[in-house]
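Chemist: Counting in the UniProt record's numbering, the sequence shown runs without a single skipped number right up to 337 at its last residue.
A virtual CB, placed ideally from N, CA and C, is assigned to each residue, including glycine.
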Amino acid sequence: MKQMLALAALAVVMASCNTNYEKTKSGLTYKIIHGKGGGSTLKAGMFAKLNIEYLLSPKDTILNSTYGKVPLFTAVDTSAKTAYSFMELLPKVRQGDSVIFSISVDSLKSKGAIPDYNEMFKRGDQIKCKMSILKTFTNENDIKADYEKEMAGEKDREVKEIKDYLSKKGIKAQETKNGAFVQIDNAGDAQKAQPGKVATIMYRGYLVDDNKRIFDTNMDSSKGHTDPLEVPVGQGQVIPGWEEALPLFGKGGKGKIFVPAMLAYGPQGSQGAIPPYANLIFDIEIRDVKDAPKQAAPTGQPGGMNNLTPEQIQQLQQQMQQQRGQQQDPRQQQAPR
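Dropping the structure here:
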C-alpha cells in the first residue's frame with residue numbers, strides 16, 4: 001500500500017511539473033525556476049554569465065557542461081538566428097534564475113543544425129539541458145574583467161591538479177613561468193630551442209587522467225605520420241605550454257612536458273581528439289635546433305585564450321558540431337598547435 005501511495009504521489013508531482021513547461025516560438029520546451037537574484041529580465045545589449053549543461057538521452061551522456069569549470073559568458077541576442085537555442089531563453093530570465101529545457105535531435109536536423117543522424121545523434125533522441133544565470137552585466141568591460149578572473153582561477157585549479165599528479169607519481173619537474181611542468185631526462189647541447197630558433201621535434205601526446213590513450217604522435221605510424229615536426233619557437237605556432245618548455249632543451253634533449261589545459265586547448269578541446277579542459281602530457285625528443293629564417297616579427301599568439309572575448313564563446317549549434325568530432329587530417333587535428 002505504501003509503495004502504491006508513493007507511486008501515486010510521484011505521478012502527481014510529475015504531472016504538476018509537466019503542466020509548468022512552456023514553449024518558445026521555435027518550439028523549445030522549457031521551465032524557469034525563479035531565484036532570488038532580482039532585477040529585470042535580460043535584454044538585447046546586456047551580457048550574461050551562466051552555467052549550462054547538455055545531456056543526451058536516453059543514456060544521459062554529457063555532451064558539454066560548464067558546471068565546475070569556466071562559466072559561459074555571452075552577449076544577449078534577440079535576433080531570429082538564436083531560435084531553438086539557449087539564447088532564445090535569455091530574455092525570459094534574470095540573475096539567479098535557472099532553466100530546464102529540452103532539445104529534440106529531430107528538430108536540430110530539420111533546422112539544419114546537424115547535417116544528419118549519426119552514431120551519437122539518433123532519430124527520436126532528446127538533449128536534456130539545464131542553465132543557471134550566475135550574473136548579468138550591462139558594461140562590456142565588467143564582463144571581460146570577470147571572464148579573465150574565471151580563466152585565471154581555472155588555470156590555478158589545473159596547475160594544482162598537475163602538481164598533485166607529479167607528487168603522487170614521484171616525478172620531479174620544474175615549473176615554467178605560467179604553470180607548465182618540465183621533466184628533463186636529457187637537456188641536450190648548449191644551443192637551446194630559444195625564440196628565434198627552429199626546433200625539430202618528435203613527440204607523443206596523451207592525457208594526464210588517461211595516459212594510456214595517445215591522441216597524437218609522430219614517434220610511430222599509429223597516427224598516420226612520422227615526419228619530425230619543425231617548430232619556429234616564439235612565433236605562436238604551438239600551444240603556450242610548448243613555447244614555455246622548449247627553451248629548456250637543446251639538440252638531443254629528451255623529456256616530458258606536463259601542460260595545464262589553459263596552456264593547451266582550453267575549454268574547446270580539439271576536434272574530439274582532446275576533451276575540453278584536458279591537462280596533457282607530451283614525451284618529446286629534440287632532433288635538431290637551428291636558426292630560423294629571417295621574417296617579419298610575430299604578431300602574437302593566434303587564438304590565445306587571453307585574447308578571447310565573451311562574444312567568441314561558441315553557440316549551441318557550434319557546440320553540437322564540435323561534439324560530433326568530425327574527422328580531419330590527423331596532423332591538422334591533433335598536432336600540438
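Look up Tyr30 in the DSSP assignment and say whether it is helix, strand or coil.
Modeler: For the purposes of this step, residue 30 is identified with residue 30 of the sequence shown, where counting begins at 1. Tyr30: strand per DSSP, three-state reduction.
Chemist: Measuring CB to CB, does Ile133 end up less than 8 Å from Tyr30?
Modeler: In the sequence shown, counting from the first residue as 1, residue 133 sits at position 133. In the sequence shown, counting from the first residue as 1, residue 30 sits at position 30. No. Outside cutoff.
Chemist: Answer yes or no: the CB of Glu53 versus the heavy atoms of the ligand ZN, is any distance below 7 Å?
Modeler: This structure does not include the ligand ZN; it has no bound ligands of any sort.
Chemist: Cβ atoms of Gly250 and Ala180: under 8 Å apart, would you say?
Modeler: Counting from one through the sequence shown, the residue named residue 180 turns up at place 180. Counting from one through the sequence shown, the residue named residue 250 turns up at place 250. The answer is no: Cβ separation not under 8 Å.
Chemist: For the segment 254-268 and the segment 282-292, state whether three or more C-beta atom pairs, one from each stretch, are separated by less than 8 Å.
Modeler: Judged by Cβ distances under 8 Å, the segment 254-268 makes contact with the segment 282-292, as three or more pairs qualify.
Chemist: Is it true that the CB of Glu88 sits closer than 8 Å to the CB of Leu28?
Modeler: Here residue 28 refers to the residue found at position 28 of the sequence shown. Here residue 88 refers to the residue found at position 88 of the sequence shown. Against a cut-off of 8 Å, the Cβ pair of Glu88 and Leu28 comes out as a contact.
Chemist: Straight-line CA distance for Asp77 to Gly45?
Modeler: Here residue 77 is taken as the residue at index 77 of the sequence shown, counted from 1. Here residue 45 is taken as the residue at index 45 of the sequence shown, counted from 1. If I take the Cα positions, the gap works out to 7 Å.
Chemist: Select from Gly205, Asp210, Lys59, Gln174 the residue whose C-alpha is nearest the C-alpha of Thr217.
Modeler: Residue numbering aside, residue 217 sits at position 217 when the sequence shown is read from its first letter. It is Gly205.
Chemist: Does the Cβ of Thr61 have 16 or more other Cβ atoms within 10 Å, making it buried, or fewer, making it exposed?
Modeler: The residue labelled residue 61 in the question sits at position 61 within the sequence shown. Thr61 comes out exposed.
Chemist: If we ignore side chains and look at the alpha-carbon of each, how far apart do Ser221 and Lys172 end up?
Modeler: Counted from its first residue, the sequence shown places residue 221 at position 221. Counted from its first residue, the sequence shown places residue 172 at position 172. So the two alpha carbons sit approximately 30 Å from each other.
Chemist: Would the segment 91-107 and the segment 124-132 be scored as touching if the rule is three or more Cβ pairs under 8 Å?
Modeler: They touch, by the three-pair rule.
Chemist: Would Pro195 and Val233 qualify as a contact pair, given that the criterion is a beta-carbon distance under 8 Å?
Modeler: Position 195 of the sequence shown, counted from the first residue, corresponds to residue 195. Position 233 of the sequence shown, counted from the first residue, corresponds to residue 233. In this structure, Val233 lies closer than 8 Å to Pro195 by Cβ.
Chemist: Nearest-angstrom Cα distance between Pro240 and Asn20?
Modeler: Locating residue 240 in the sequence shown gives position 240, counting from the first residue. Locating residue 20 in the sequence shown gives position 20, counting from the first residue. Near 48 Å, if we compare the C-alpha coordinates of Asn20 and Pro240.
Chemist: So what's Asn20 in DSSP terms, helix, strand or just coil?
Modeler: On the sequence shown, position 20 is the one that residue 20 refers to. Three-state DSSP puts Asn20 in coil, outside helix and strand.
Chemist: Would you please state the rounded distance, in angstroms, between the beta carbons of Ala75 and Phe47? I believe it to be under 8 Å.
Modeler: Numbered from its first residue, the sequence shown carries residue 75 at position 75. Numbered from its first residue, the sequence shown carries residue 47 at position 47. Contact flag correct, Cβ pair sits at about 5 Å.
Chemist: Using only the alpha-carbon positions, how far apart do Ser107 and Val231 sit?
Modeler: Taking the sequence shown and counting its residues from 1, the one referred to as residue 107 is at position 107. Taking the sequence shown and counting its residues from 1, the one referred to as residue 231 is at position 231. Cα to Cα, the separation comes out at about 45 Å.
Chemist: What are the boundary residues of the alpha helix (DSSP H) that Tyr165 is part of?
Modeler: Translated into positions along the sequence shown, residue 165 becomes position 165. From DSSP, the alpha helix (DSSP H) with Tyr165 extends over 140-169.
Chemist: For Ser40, report the span of its alpha helix (DSSP H) as first-last.
Modeler: Position 40 of the sequence shown holds residue 40. First-last for Ser40: undefined, no H or E at that position.
Chemist: Which residues in the same chain as Glu175 place their Cβ atom closer than 7 Å to its Cβ, once the five residues preceding and following it in sequence are excluded?
Modeler: Mapped onto the sequence shown, residue 175 falls at position 175. Result list for Glu175: Phe181, in chain order.
Chemist: Is Ala244 helix, strand or coil when you go by DSSP?
Modeler: The residue given as residue 244 occupies position 244 in the sequence shown. Before going further, note that residue 244 is Glu rather than Ala in the sequence given. If DSSP states are grouped into helix, strand and coil, Glu244 belongs with the helices.
Chemist: Taking only runs of the alpha helix (DSSP H) that begin and end inside the UniProt domain "PPIase FKBP-type" (196-290), which ones reach a length of at least 4 residues, in chain order?
Modeler: List check, alpha helix (DSSP H) in window: 240-245.
Chemist: Tell me which residues share the same chain as Ile162 and place their Cβ nearer than 7 Å to its Cβ, disregarding the 5 neighbours each side in the sequence.
Modeler: Here residue 162 refers to the residue found at position 162 of the sequence shown. Once the five neighbours on either side are set aside, the close Cβ partners of Ile162 are Phe181, Val208, Phe258, Pro260, Asn279.
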